[in-house]
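**Student:** My questions all concern the structure below.
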Amino acid sequence: AQTVTQSQPEMSVQEAETVTLSCTYDTSENNYYLFWYKQPPSRQMILVIRQEAYKQQNATENRFSVNFQKAAKSFSLKISDSQLGDTAMYFCAFIPDGGTSYGKLTFGQGTILTVHP
Amino acid sequence: GAVVSQHPSWVICKSGTSVKIECRSLDFQATTMFWYRQFPKQSLMLMATSNEGSKATYEQGVEKDKFLINHASLTLSTLTVTSAHPEDSSFYICSASYPLAVDYNEQFFGPGTRLTVL
């Protein structure tokens, strides 16, 4: 079974600054995918960024980037130039590429991020 | 593309009644749909996985007779909460996937349904 841990229940940042959200996971699978999802007050889940475990290069999507450390099973999200619209709950998620849990997302506990003007 | 809708967005019902929530994939055929439950400021918990034309697979601890899931077509899955009680009040989210999305194991999420049982 997989577990995903987000140790920061709440974070805050000033507009235009940079913030990093942490995530660790535990799995015995060798092939898997990692995601960061954003859930704003509307509660619609929005995919922020994805990372394939077999790729060493860290994924980047505009102001969002990850620091993927496979050996340490760490997958942090860095948000640069924070904007008020980034205020949301962020979830780290894991999905194995095979095994009995194939296709099933496991979510972390979530981190509530507040961007202050 | 890859839009998923849910209906209703908010439903209030009396204790003891049944409520049906629909999840539709609008622009793709969803071979697999997932149902999640989320309490305020908490994470999403997978309730069940449904594949078109077959019985749903429920996660441990989820009552099959209380949460009936039907995936009768490639674009529609329904969750029926039977004999609802106040403790069933929650936010229910569906997601859908299709074979080509397997490249990234990506799921597309609906906007969720807020259920309040009085």
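Note that the protein sequences, when read in sequence, are chains A and B.
First residue of the first sequence: 377, per this note's numbering; consecutive thereafter.
First residue of the second sequence: 4, per this note's numbering; consecutive thereafter.
Note that the Cβ used here is the ideal one computed from N, Cα and C, for glycine as well.
Going along the chain, which residues of its own chain have a beta-carbon closer than 7 Å to the beta-carbon of A/A392, five neighbours each way excluded?
**Tutor:** Excluding residues within five positions, the ones whose Cβ falls inside 7 Å are D457 and S458.
**Student:** Would you kindly check if the distance between the Cβ of B/C97 and the Cβ of B/Q9 is under 8 Å?
**Tutor:** A contact, by the Cβ cut-off of 8 Å.
**Student:** State the Cα-Cα distance for the pair B/I24 and B/Y61, rounded to the nearest angstrom.
**Tutor:** Those two C-alpha atoms are separated by around 17 Å.
**Student:** Just to confirm, is the Cβ distance from A/Q427 to A/Y409 under 8 Å?
**Tutor:** Result yes, Cβ atoms of A/Q427 and A/Y409 sit closer than 8 Å.
**Student:** Could you say if the region 442 to 462 of chain A and the region 399 to 413 of chain A meet the contact criterion of at least three C-beta pairs nearer than 8 Å?
**Tutor:** The region 442 to 462 of chain A vs the region 399 to 413 of chain A: in contact.
**Student:** Starting from the Cα of B/L49, find the closest Cα among B/F31, B/T34, B/Q32 and B/F70 and give me that residue.
**Tutor:** Out of B/F31, B/T34, B/Q32 and B/F70, B/F70 has the C-alpha closest to the C-alpha of B/L49.
**Student:** Please confirm whether B/F112 has its beta-carbon closer than 8 Å to some beta-carbon of chain A.
**Tutor:** With 8 Å as the cut-off, B/F112 counts as an interface residue toward chain A.
**Student:** Quick one: which residues of the region 9 to 38 of chain B get their C-beta closer than 8 Å to a C-beta of chain A? List them in chain order.
**Tutor:** Correct list: T35 and F37.
**Student:** Closer than 9 Å, Cβ to Cβ, to anything on chain A: give me those residues from the region 38 to 66 of chain B, in chain order.
**Tutor:** Cβ contacts with chain A: Y39, Q41, K44, Q45, S46, L47, M48, L49, T52 and E62.
**Student:** Any Cβ of chain B within less than 8 Å of the Cβ of A/G486?
**Tutor:** It does: the Cβ of A/G486 has a partner Cβ on chain B nearer than 8 Å.
**Student:** Can the beta-carbon of A/L453 be found less than 8 Å from the beta-carbon of A/F440?
**Tutor:** Against a cut-off of 8 Å, the Cβ pair of A/F440 and A/L453 comes out as a contact.
**Student:** If I follow the unbroken beta strand (DSSP E) through A/L466, where does it start and stop?
**Tutor:** Note on identity: in this sequence residue 466 of chain A is Tyr, with Leu being the wrong assignment. Start and end: A464 to P472.
**Student:** Are the CB atoms of B/A33 and B/A99 nearer to each other than 8 Å?
**Tutor:** A contact, by the Cβ cut-off of 8 Å.
**Student:** Applying the 10 Å Cβ sphere with the 16-neighbour rule, what's the burial state of A/P472?
**Tutor:** Classification for A/P472: buried.
**Student:** Using a Cβ-Cβ cutoff of 9 Å, what residues of the region 460 to 481 of chain A are near chain B? List them in chain order.
**Tutor:** If the cut-off is 9 Å between Cβ atoms, the region 460 to 481 of chain A has M465, F467, A469, I471, P472, D473, Y478, G479, K480 and L481 near chain B.
**Student:** Smallest Cα separation from A/T355: which of A/F444, A/N406, A/M421 and A/T482?
**Tutor:** Because chain A spans 377 through 493 in this model, residue 355 of chain A falls outside it and cannot be assessed.
**Student:** Have a look at A/N406 and B/A5 and give me their C-alpha separation to the nearest angstrom.
**Tutor:** Cα to Cα, the separation comes out at about 28 Å.
**Student:** Look up A/Q415 in the DSSP assignment and give the residues it is bridged to.
**Tutor:** A/Q415 pairs with A/M465.
**Student:** For B/T78, which residues in the same chain have their Cβ closer than 6 Å to its Cβ, ignoring the five residues on either side in sequence?
**Tutor:** Closer than 6 Å at the Cβ level, and outside the excluded window around B/T78, lie R27 and S28.
**Student:** Could you check whether the Cβ of B/F94 sits closer than 8 Å to any Cβ belonging to chain A?
**Tutor:** Output row for B/F94: interface = yes.
**Student:** Specify the secondary structure class of B/D91 as computed by DSSP and reduced to three states.
**Tutor:** In this structure, B/D91 counts as helix in the three-state DSSP scheme.
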